[in-house]
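Student: Take 287 as the starting number for the sequence shown in the numbering used here and just add one per residue. Got a structure for you, questions after.
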Amino acid sequence: MSTQQKTKTLFLSSLFLSSALFSQAHNVSEGYQKPDDPLVMQNLEEWQDLKFGLFMHWGTYSQWGIVESWSLCPEDESWTQRRPEHGKSYSEYVENYENLQKTFNPTQFDPQKWADATKKAGMKYVVFTTKHHDGFAMFDTQESDYKITSPNTPFSRNPKADVTKEIFSTFRKEGFKIGAYFSKPDWHSDDYWWPYFPPKDRNVNYDPKKYPERWGNFKKFTFNQLNEITSNYGKIDILWLDGGWVRPFHTIDPKVEWQRTIKVEQDIDMDKIGMMARKNQPGIIVVDRTVPGKWENYVTPEQAVPEHALSIPWESCITMGDSFSYVPNDHYKTSQKIIETLIKIISRGGNYLMNIAPGPNGDYDPVVYERLKEISGWMEKNRSAVFATRSIAPYHEGDFYYTQSKDQKTVNVFHMDDKADYRSPATLKFTVPENFNPRSVKVLGLPGKIKWKKSGNSIEINMPEERARLKYSTVIQLTQ
Numbered sequence: 287m288s289t290q291q292k293t294k295t296l297f298l299s300s301l302f303l304s305s306a307l308f309s310q311a312h313n314v315s316e317g318y319q320k321p322d323d324p325l326v327m328q329n330l331e332e333w334q335d336l337k338f339g340l341f342m343h344w345g346t347y348s349q350w351g352i353v354e355s356w357s358l359c360p361e362d363e364s365w366t367q368r369r370p371e372h373g374k375s376y377s378e379y380v381e382n383y384e385n386l387q388k389t390f391n392p393t394q395f396d397p398q399k400w401a402d403a404t405k406k407a408g409m410k411y412v413v414f415t416t417k418h419h420d421g422f423a424m425f426d427t428q429e430s431d432y433k434i435t436s437p438n439t440p441f442s443r444n445p446k447a448d449v450t451k452e453i454f455s456t457f458r459k460e461g462f463k464i465g466a467y468f469s470k471p472d473w474h475s476d477d478y479w480w481p482y483f484p485p486k487d488r489n490v491n492y493d494p495k496k497y498p499e500r501w502g503n504f505k506k507f508t509f510n511q512l513n514e515i516t517s518n519y520g521k522i523d524i525l526w527l528d529g530g531w532v533r534p535f536h537t538i539d540p541k542v543e544w545q546r547t548i549k550v551e552q553d554i555d556m557d558k559i560g561m562m563a564r565k566n567q568p569g570i571i572v573v574d575r576t577v578p579g580k581w582e583n584y585v586t587p588e589q590a591v592p593e594h595a596l597s598i599p600w601e602s603c604i605t606m607g608d609s610f611s612y613v614p615n616d617h618y619k620t621s622q623k624i625i626e627t628l629i630k631i632i633s634r635g636g637n638y639l640m641n642i643a644p645g646p647n648g649d650y651d652p653v654v655y656e657r658l659k660e661i662s663g664w665m666e667k668n669r670s671a672v673f674a675t676r677s678i679a680p681y682h683e684g685d686f687y688y689t690q691s692k693d694q695k696t697v698n699v700f701h702m703d704d705k706a707d708y709r710s711p712a713t714l715k716f717t718v719p720e721n722f723n724p725r726s727v728k729v730l731g732l733p734g735k736i737k738w739k740k741s742g743n744s745i746e747i748n749m750p751e752e753r754a755r756l757k758y759s760t761v762i763q764l765t766q
């Protein structure tokens, strides 16, 4: 991991750990407002069944192999570290960054290849960055020429130039739920970072109350782009809105360090946006990240997993490598680490949104496909313990993690050892959830009957020699 990526990871972790989501021993329900729209509630229930999703950060920045967007933000120079060869002054750097549009030509882009590999690995929904903070649209917006389909972008001449359309239609055809990531702030827009003033931090660089017409233009621009996404790209299940500093001033939580940097009103009119999105896409889940209320339908820990089960819908977004964006020679997590993370998340009632960043050529690194293939082998044997499950006490005891089927007739017990390469022990002993009386016990992936005995509130299993074939974890399924 580079110093830059280490710093970023520490920054993001501290950002989340210091937030209100982790206050009062993970009491994230404070401020959470359960949706009352029956279609939204149904969509959320279905989404909670999916457990494992694909996140993709992709844009022109992949050509430089740098952190997505953030190097444009003066306050974040400490961990984005602008490279001298990309510009000696800030203005030169911004000019060169925005000129990346003129060389972006990811000719190996093949969303079917991604969908095939991720589907086999058990991923069931996708969230794609239609626009990040830098303002470059990866969809065919009519609101700006700073987009992948502009004549200024070489890839615009490719039949698959509207990559958002291609990704959504391909993954939808494969049965994925579709999520559109969209950044509320737009650092390319003259109505957000007005050239009259220099940008100082991630926030709007003027006071919207002093210049209401300019802020009104930005609100209209944002509304129109989101209307395009929710109108022109088929069925969309999730609208994933990032950039939580764009929010009504009264919603700022002074206990959260980064929110204390917001000095001006940045109300984007989420009621108008949300109602438009629901009109265009009935039942759509809206995720207005870090802004509690009716438009944050689930919460989104970043690069971190809550230590305890949460009682509301949640999802951890975590990178497969060290970075959300493409970085050459990134350090990708092992398949064992990814599966361990998935088990921890689902035992606590959450979903795992794993980020994989395409490179400038339009494809993943080869190692990504290796990881996905390894995960698919584990998933083939253990999918019944993962999908359409919910958390159940005791959730986690020692090396054991629990889920249960929605009909509560089956309990799944995962054994793992995150300190070493996994080896299933000869004997496993674990607590049985209260008021659960198993009649049968089996180990997923092993043939034949398993020797077991129940004593009090615990079960002891004598594992057969075939246990040596188990990779990453032992998954025990109890049925009553």
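Every residue, glycine too, gets a C-beta built ideally from N, C-alpha and C.
(1) Does the separation of the CB atoms of residue 591 and residue 618 fall below 8 Å?
(2) Would residue 505 be called buried (16 or more neighbouring beta carbons within 10 Å of its own) or exposed?
(3) Hey, could you find the ends of the alpha helix (DSSP H) residue 409 is sitting in?
(4) Please work out which residues of its chain come closer than 6 Å, Cβ to Cβ, to residue 752, disregarding the five sequence neighbours upstream and downstream, and give them in chain order.
(5) Classify residue 409 as buried or exposed, calling it buried when 16 or more other Cβ atoms lie within 10 Å of its own Cβ.
(6) To which residues of the same chain is residue 520 closer than 7 Å at the C-beta, ignoring the five residues directly before and after it?
(7) Is it buried or exposed for residue 742, if we count other Cβ within 10 angstroms and need 16 for buried?
(8) Taking only runs that begin and end inside the segment 388-460, name each unbroken beta strand (DSSP E) of 3 or more residues, in chain order.
(9) Give me the Cα-Cα distance between residue 312 and residue 586, rounded to the nearest whole angstrom.
(10) If we ignore side chains and look at the alpha-carbon of each, how far apart do residue 748 and residue 737 end up?
(11) For a quick check, are the C-beta atoms of residue 342 and residue 415 less than 8 Å apart?
(12) Kindly identify the DSSP beta-bridge partner or partners of residue 601.
(13) Under a Cβ-count criterion, where at least 16 other Cβ atoms within 10 Å of its own Cβ denotes burial, should residue 477 be classed as buried or exposed?
(14) What residues match up with residue 572 in a beta bridge as DSSP calls it?
(15) Considering only residues of the same chain and omitting the five flanking positions on each side of residue 621, which have a CB-CB separation below 6 Å?
(16) Figure out for me which residue from 600, 486 and 517 has the closest Cα to the Cα of residue 559.
(17) Cβ of residue 524 within 8 Å of Cβ of residue 607?
(18) Taking the straight line between their C-alpha atoms, what separation do you get for residue 720 and residue 534?
(19) Going by alpha carbons, who is nearest to residue 471 out of 510, 631 and 421?
(20) Hey, could you find the ends of the beta strand (DSSP E) residue 466 is sitting in?
(21) Please identify the residue among 552, 568 and 702 whose C-alpha is closest to the C-alpha of residue 629.
(22) For residue 333, which of helix, strand or coil comes out of DSSP?
(23) Which class does residue 728 belong to by DSSP, given the choice of helix, strand or coil?
(24) CB residue 404 to CB residue 647, shorter than 8 Å?
(25) If you reduce the DSSP assignment to three classes, tell me which class residue 762 lands in.
(26) Mark residue 615 as exposed unless 16 or more other C-beta atoms lie within 10 angstroms of its C-beta, in which case mark it buried.
(27) Select from 447, 727 and 355 the residue whose C-alpha is nearest the C-alpha of residue 716.
(28) Within the continuous alpha helix (DSSP H) that includes residue 748, where are the two ends?
(29) With C-beta atoms as the reference, is residue 762 less than 8 Å away from residue 729?
(30) So what does DSSP say about residue 715, is it helix, strand or coil?
(31) Is the Cβ of residue 487 closer than 8 Å to any Cβ of chain C?
(32) Just the Cα atoms here: how many angstroms apart are residue 398 and residue 536?
(33) Taking the alpha-carbon of residue 598 as reference, which of 635, 573, 355 and 578 has the nearest alpha-carbon?
(34) Quick check on DSSP: helix, strand or coil for residue 355?
Tutor: Taking the geometry as given:
(1) For the purposes of this step, residue 591 is taken as residue 305 along the sequence shown, with counting starting at 1. For the purposes of this step, residue 618 is taken as residue 332 along the sequence shown, with counting starting at 1. It is not a contact, given that the beta carbons lie outside the stated cut-off.
(2) The count along the sequence shown starts at 1 and reaches residue 505 at position 219. The residue is buried, with at least 16 neighbouring Cβ atoms inside 10 Å.
(3) Taking the first residue of the sequence shown as position 1, residue 409 is located at position 123. From DSSP, residue 409 is part of no alpha helix (DSSP H); its letter is neither H nor E.
(4) Here the question's residue 752 lines up with position 466 in the sequence shown. Result list for residue 752: 732, in chain order.
(5) Along the sequence shown, one-based indexing puts residue 409 at 123. Burial call: buried.
(6) For the purposes of this step, residue 520 is identified with residue 234 of the sequence shown, where counting begins at 1. 454, 455 and 458, listed in sequence order.
(7) Numbered from its first residue, the sequence shown carries residue 742 at position 456. Exposed: under 16 other Cβ atoms inside 10 Å.
(8) 411-417
(9) For the purposes of this step, residue 312 is taken as residue 26 along the sequence shown, with counting starting at 1. For the purposes of this step, residue 586 is taken as residue 300 along the sequence shown, with counting starting at 1. Per-residue confidence for residue 312 stands at a pLDDT of 32, beneath the threshold of 50, marking its modelled position as unreliable; no derived number is given.
(10) Looking up residue 748 in the sequence shown gives position 462. Looking up residue 737 in the sequence shown gives position 451. Distance between the alpha carbons of residue 748 and residue 737 is about 6 Å.
(11) Your numbering for residue 342 matches position 56 in the sequence shown. Your numbering for residue 415 matches position 129 in the sequence shown. Taking 8 Å as the Cβ cut-off, residue 342 and residue 415 qualify as a contacting pair.
(12) In the sequence shown, counting from the first residue as 1, residue 601 sits at position 315. The partner list for residue 601 (beta bridge, DSSP) reads 637.
(13) Sequence index remark: in the sequence shown, residue 477 carries index 191 (1-based). Looking at its Cβ environment, which holds 16 or more other Cβ atoms inside 10 Å, residue 477 is buried.
(14) By one-based count along the sequence shown, residue 572 stands at place 286. Paired residues: 525.
(15) Within the sequence shown, the letter at position 335 stands for residue 621. For residue 621, where only same-chain residues beyond five positions count, the Cβ hits under 6 Å are 657, 660 and 661.
(16) As a working note, residue 559 is residue 273 in the sequence shown. For residue 559, the nearest C-alpha among the options comes from 517.
(17) Against the sequence shown, residue 524 aligns to sequence position 238. Against the sequence shown, residue 607 aligns to sequence position 321. No. Outside cutoff.
(18) Position 434 of the sequence shown, counting from 1, holds the residue named residue 720. Position 248 of the sequence shown, counting from 1, holds the residue named residue 534. So the two alpha carbons sit approximately 45 Å from each other.
(19) In the sequence shown, residue 471 corresponds to position 185, counting from 1. The option with the nearest alpha carbon to residue 471 is 421.
(20) Locating residue 466 in the sequence shown gives position 180, counting from the first residue. Counting along the chain, the beta strand (DSSP E) containing residue 466 begins and ends at 463-469.
(21) Along the sequence shown, one-based indexing puts residue 629 at 343. The candidate whose alpha carbon is nearest that of residue 629 is 702.
(22) Counted from its first residue, the sequence shown places residue 333 at position 47. Note: residue 333 maps to helix in three-state DSSP.
(23) Numbered from 1 along the sequence shown, position 442 holds the residue referred to as residue 728. Residue state, collapsed to three classes: strand.
(24) The residue given as residue 404 occupies position 118 in the sequence shown. The residue given as residue 647 occupies position 361 in the sequence shown. The Cβ-Cβ distance between residue 404 and residue 647 does not fall below 8 Å.
(25) What you label residue 762 is simply residue 476 of the sequence shown in a count that begins at 1. Residue 762: strand per DSSP, three-state reduction.
(26) As a working mapping, residue 615 is identified with position 329 in the sequence shown. Residue 615 is exposed by the Cβ-count criterion.
(27) Here residue 716 refers to the residue found at position 430 of the sequence shown. Selected option, being the one with the closest Cα: 727.
(28) Walking along the sequence shown from the start, residue 748 turns up at place 462. Per DSSP, residue 748 belongs to no alpha helix (DSSP H); it is in the beta strand (DSSP E), 744-748.
(29) The residue labelled residue 762 in the question sits at position 476 within the sequence shown. The residue labelled residue 729 in the question sits at position 443 within the sequence shown. Yes, Cβ-Cβ distance for residue 762 and residue 729 is below 8 Å.
(30) As a working mapping, residue 715 is identified with position 429 in the sequence shown. Three-state result, residue 715: strand.
(31) The structure shown contains no chain C; it holds only a single protein chain.
(32) Start at 1 with the first residue of the sequence shown, and residue 398 comes out as number 112. Start at 1 with the first residue of the sequence shown, and residue 536 comes out as number 250. Rounded to the nearest whole angstrom, the C-alpha separation of residue 398 and residue 536 is 44 Å.
(33) Here residue 598 refers to the residue found at position 312 when the sequence shown is read from its first residue. When only C-alpha atoms are compared, the closest one is 635.
(34) Here the question's residue 355 lines up with position 69 in the sequence shown. In the structure shown, residue 355 sits in coil (DSSP, three-state: anything other than H, G, I, E or B).
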